[in-house]
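*Asks:*
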Amino acid sequence: MLLYVVAYDIPCNKRRKKVADLLEGYGQRVQYSVFECQLTTDQYNELRKRLKKQVKLTEDNVRFYPLSRHTLAQVETWGIGSPVIEPPSSVII
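Using this note's numbering, the first residue of the sequence shown is number 425, and each one after it goes up by one.
#1: Nearest to Cys461 by alpha carbon, out of Thr495, Val430 and Arg493?
#2: Whether or not the segment 461-470 and the segment 491-506 are in contact is what I'm after, with contact meaning three or more pairs of Cβ atoms, one per stretch, closer than 8 Å; do they touch?
#3: The alpha helix (DSSP H) that contains Leu447, what's its start and end?
#4: Give me whichever residues DSSP pairs with Asn485 in a beta bridge.
#5: Tell me whether the beta-carbon of Leu481 lies closer than 9 Å to the beta-carbon of Tyr428.
#6: Quick check: the Cα distance between Gly449 and Ile434, rounded to an integer number of angstroms?
#7: What's the gap between the Cα of Lys438 and the Cα of Gln452?
#8: Quick one: give me the first and last residue of the alpha helix (DSSP H) that Gln478 is part of.
#9: Leaving out five residues on either side along the sequence, give the residues of the same chain with a beta carbon under 8 Å from the beta carbon of Gln478.
#10: Mind checking which residues open and close the alpha helix (DSSP H) that includes Thr495?
This is the structure:
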């Protein structure tokens, strides 16, 4: 499981709302157009597939930034807001 920062710039209000609603099902909003999503590979692929249906590639911009444990440990958060979601160190199945 990896933590992804998903950021978007979508000029159309209707599409932007649909993208935000979709992302809320996968992660936590940390800024107006930025989400942190802790995802398995299958969840990541599913999210990408669902977002592609909402996004207009000629007008919109969506970026996925995967964060490794090493990178995650270096994240700084200033001001108000929740801390970065940390992936569990172990998973119980």
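Note that the Cβ used here is the ideal one computed from N, Cα and C, for glycine as well.
*Replies:* Per the coordinate set shown:
#1: The shortest Cα separation from Cys461 among Thr495, Val430 and Arg493 belongs to Val430.
#2: no
#3: Counting along the chain, the alpha helix (DSSP H) containing Leu447 begins and ends at Asn437 to Glu448.
#4: Asp433
#5: no
#6: 19 Å
#7: Each residue's Cα considered, the two are about 20 Å apart.
#8: Thr465 to Gln478
#9: If you ignore the 5 residues before and after Gln478, its C-beta comes within less than 8 Å of the C-beta of Arg439, Lys442, Val443 and Leu446, all in its own chain and listed in chain order.
#10: Arg493 to Ala497
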